[in-house]
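Residue 216 in the UniProt record's numbering is what sits at position 216 of the sequence shown, and the numbering runs on without skipping anything.
For every residue, glycine included, the Cβ atom is placed at its ideal position computed from N, Cα and C.
These numbers come from a predicted model, not from an experiment.
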Amino acid sequence: MSDENTPQEENSTPKKNTLENIPNDETQKPTESEDTSNTTSVEEDVANPQAESEPKTSEENTSASEEPVAAAEKKEVSEENDDDISDSEEEEEEEEMTSSDDEEDTEEDEEDAVDYHSMDKKGLIEAFAALLKNKPVQDIKKEAEEIKTEFNAKFSEALEEKKEEFLAEGGNIIDFHYSTPLKKEFNSLFFDYREKRNNYYKNLKKDLQANLAKREELIEELKGLLSAEENINTTYKHFKDIQERWHTAGPIPRDKYNLTWNTYHHHVENFYDFLHLNREFRDLDFKHNLDAKLKLIIRAEELQQETDINKAFRELQLLHKMWKEEIGPVAKEYREDVWEKFSEATKVIHDKRQAQQDALEATYETNFEVKKDLVAQIKAQQEKTKPNHSSWQHSMKKIQELRDAYFETGKVPRSKNKEIWSAFKEATRDFNKAKNVFYKNQKKEQYTNLEKKRELIKIANENKDSEDFEAVTPLMKKIQADWKAIGHVPRKDSDKIWKEFKAACNHYFDRIHTKKNEASQEEKDNFAKKETLLAALKKSELTGDHKADLASIKNSIKEWKELGRVPYKKKGIEQDFNKVLDGLFKKLDLGKNEAELIKYENKLSSMVSQEDERKLQNEQYFISKKIGEAKAEINQLENNLGFFQHVPDDNPMVAEVHKNIAKHKEQLEVWKKKLIQIKSARSNS
1 MSDENTPQEE
11 NSTPKKNTLE
21 NIPNDETQKP
31 TESEDTSNTT
41 SVEEDVANPQ
51 AESEPKTSEE
61 NTSASEEPVA
71 AAEKKEVSEE
81 NDDDISDSEE
91 EEEEEEMTSS
101 DDEEDTEEDE
111 EDAVDYHSMD
121 KKGLIEAFAA
131 LLKNKPVQDI
141 KKEAEEIKTE
151 FNAKFSEALE
161 EKKEEFLAEG
171 GNIIDFHYST
181 PLKKEFNSLF
191 FDYREKRNNY
201 YKNLKKDLQA
211 NLAKREELIE
221 ELKGLLSAEE
231 NINTTYKHFK
241 DIQERWHTAG
251 PIPRDKYNLT
261 WNTYHHHVEN
271 FYDFLHLNRE
281 FRDLDFKHNL
291 DAKLKLIIRA
301 EELQQETDIN
311 KAFRELQLLH
321 KMWKEEIGPV
331 AKEYREDVWE
341 KFSEATKVIH
351 DKRQAQQDAL
361 EATYETNFEV
371 KKDLVAQIKA
381 QQEKTKPNHS
391 SWQHSMKKIQ
401 ELRDAYFETG
411 KVPRSKNKEI
421 WSAFKEATRD
431 FNKAKNVFYK
441 NQKKEQYTNL
451 EKKRELIKIA
461 NENKDSEDFE
471 AVTPLMKKIQ
481 ADWKAIGHVP
491 RKDSDKIWKE
501 FKAACNHYFD
511 RIHTKKNEAS
521 QEEKDNFAKK
531 ETLLAALKKS
541 ELTGDHKADL
551 ASIKNSIKEW
561 KELGRVPYKK
571 KGIEQDFNKV
581 LDGLFKKLDL
591 GKNEAELIKY
601 ENKLSSMVSQ
611 EDERKLQNEQ
621 YFISKKIGEA
631 KAEINQLENN
641 LGFFQHVPDD
651 NPMVAEVHKN
661 IAKHKEQLEV
671 WKKKLIQIKS
681 ARSNS
């Protein structure tokens, strides 16, 4: 091999695992004897055909092969019923290919993780469908598995509830079967996902094998150049064409990578040794490569002015890939110099990115503490939730606010992301589990409430056509109050039983209202008749025969009572009637007490006609109270007389006391007679 192709060791910068400090691959070309089976650089990605290799970026230094990996997914999709998907059957081999970009994206995805646990089954289906539509199928395995786990957990929970209900209603477990349209929709989506994923890796395997065959053909073609009987110009053009086709040949299986890569480079070196015999062509190739690398250096220096550091860094990675994979070696005297310039430009951008990362790291640490506090608040909220619907509703609202705050907080240090994300999911999962236990017990209570309300419906239906309004009305009002006090029933039954209960109650009270409307017209007629009677009574004159006149007045009172109730707003006519009676009694020179008892009898008659038992009860209580007060007053006055034992009865003060005692005794007798009257009225009503 010529001196120009002798590897030159790069010692210009300290060897640290950073973008700008990774050794120049010009000094580290693999040989066939080297065991690089664990190498995971970009070299494995594209099988660089150049005799010269360049430095790897830090991202390029991580898992960037295109080895197909056979993997059979054997996870369950909770096969509770016949329509469930089972992954127990062996899937097609998955040929997986990772790159530095893929890995970085994966970590970013972890930081921006979606809280699938908080979604309901419909939300999980929508999220899964969006993933299938918007992302490559090979990039969503992690999300697909998480969605499947959450969906199956929620479906299993619903299945257990339905199973309990089925058994509680006397069903046999052998006959139990449960599925839903959502379950079938999810199974269909997951089946599509698995089919697409299997097809992707099946096609990838074919492509990798086809690419391997292409590269092996190119190696054979390269070997043949050394023995070609043709003009050197033609041979050189043929070599460049092989290089170009090698660049675009695509990835190959990882287990074939090292041997293929090393074999190709071995024959590239042989060709350069062969080309050394014709320095003109070799120098021309070196000059072309030098021009290309100088352009990359200029672009790398321009990127130092880019304000978007991440954008600059991504383009720099592309420049390194071009340097390493697309541009061949340069002349020995320029090799170290151009690499040094490229490394310096790289270091500037890397330092800027590192400074940006350091600043972000401080913010991420703050975010971590904020999220840790939010997780603690979620746990605390669960602990202080009381075992009632209102408290759980309040806590659910509070937890949602804490969740929103968590997702609005921003990123945390990558090293702590899994820790805080797991803690958050555990806290929310524990809360939801406790909430579900509470409402599961509530559901049992709701079925008990349902039976109680059905019993009230039975009572309402049995009495809705009753004619005994006085007895049934309090009962109907009571069961309405009981209905309100019983509590919630299962939502699916709520409207149905409420409508049934409401219909029975409305039927009964509508009948009462109809009766009242009929009575209302009767009361109007009664009022008209009482007006006529009152007018006639006002015009009546006494005959002078006390007994006959009293009988006439009592007859008018009897006629008045028989006319019945009048509209509530016209009750003033009763006072008018009593005033006329007072005038007649005065003319008749009827005793005050006798007149009062006659009017009281009329008053009682009016009260009875109103069918208001409470009013009669209150009236009796009032009279009993008056009797008690009169007796107490009489006792007090009689006790006072004890102080005047030696005072004559004609003493003015003593005489006044005797007069008061007689007055109260007289009134007491009136109250007693009124009590007899009201007791009689209540017993006859």
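- For the 7 angstroms CB-CB criterion, residue 434 and residue 375 do not form a contact.
- For residue 549, the CB contacts under 7 angstroms within the same chain, skipping 5 residues up- and downstream, are 542, 543, 588 in chain order.
- Residue 402 and residue 382 do not touch by the CB rule: their CB atoms are close to 11 angstroms apart, not below 8 angstroms.
- Three or more Cβ pairs closer than 8 angstroms define a contact, and the segment 273-292 meets that threshold against the segment 315-331.
- Listed in chain order, the non-local C-beta contacts of residue 635 below 8 angstroms within the same chain number zero, local neighbours out to five positions each way being set aside.
- Residue 308 carries a coil assignment under DSSP once its states are collapsed to helix, strand and coil.
- In the three-state reduction of the DSSP assignment, residue 545 falls in the coil class.
- In this chain, residue 644 is not harboured by any alpha helix (DSSP H), its DSSP state being neither H nor E.
- Residue 300 and residue 342 have their C-alpha atoms spaced approximately 7 angstroms apart.
- By the criterion of at least three beta-carbon pairs nearer than 8 angstroms, the segment 195-202 is in contact with the segment 121-138.
- Beyond the five residues adjoining it in sequence on each side, residue 349 comes within less than 7 angstroms, by CB distance, of 303, 304, 312, 313, 316 in the same chain, given in chain order.
- Here DSSP, grouped into helix, strand and coil, assigns residue 217 to helix.
- For the 7 angstroms CB-CB criterion, residue 128 and residue 189 form a contact.
- Nearest to residue 683 by C-alpha distance, out of 454, 499, 617, is 617.
- Annotated three-state conformation of residue 370 is helix, per DSSP.
- The residues 125, 151, in chain order, have a CB closer than 6 angstroms to that of residue 186 in the same chain once the five nearest residues on each side in sequence are set aside.
- Straight-line measurement puts the Cα of residue 404 at about 39 angstroms from the Cα of residue 497.
- Counting the other Cβ atoms within 10 Å of the Cβ of residue 479 gives 16 or more, which makes it buried.
- In terms of Cβ geometry, residue 604 and residue 677 form a close pair [threshold 7 angstroms].
- In the DSSP annotation of this structure, residue 565 is not part of any alpha helix (DSSP H), being labelled neither H nor E.
- For residue 562, the number of other beta carbons within 10 angstroms of its own is below 16, and it is reported as exposed.
- Listed in chain order, the non-local C-beta contacts of residue 665 below 7 angstroms within the same chain comprise 634, local neighbours out to five positions each way being set aside.
- Separation of residue 266 and residue 210 (C-alpha to C-alpha, rounded to the nearest whole angstrom) is 22 angstroms.
- In the three-state scheme derived from DSSP, where H, G and I count as helix and E and B as strand, residue 181 is classed as helix.
- Assignment of alpha helix (DSSP H) within the segment 448-487, counting only whole runs of 4 or more residues, yields 469-486 in chain order.
- Within its own chain, the residues whose Cβ lies closer than 8 angstroms to the Cβ of residue 449, once the five positions on either side in sequence are excluded, are 486, 487, 488, 489, listed in chain order.
- Taking C-beta atoms under 8 angstroms as the contact rule, residue 138 and residue 236 fail to qualify, at a distance of about 40 angstroms.
- Counting along the chain, residue 243 sits inside the alpha helix (DSSP H) bounded by residues 232-247.
- Within the same chain, and ignoring the five residues on either side of residue 436 in sequence, the residues whose Cβ sits closer than 8 angstroms to its Cβ are 157.
- The DSSP-derived three-state label of residue 650 is coil.
- A distance below 7 angstroms separates the beta carbons of residue 215 and residue 260.
- In the three-state scheme derived from DSSP, where H, G and I count as helix and E and B as strand, residue 135 is classed as coil.
- With contacts defined by Cβ atoms closer than 7 angstroms, residue 242 and residue 221 form a contacting pair.
- Cβ atoms of residue 154 and residue 121 come within 8 angstroms of each other, at about 5 angstroms.
- From the listed residues 290, 420, 418, 537, the smallest Cα separation to residue 335 is found for 290.
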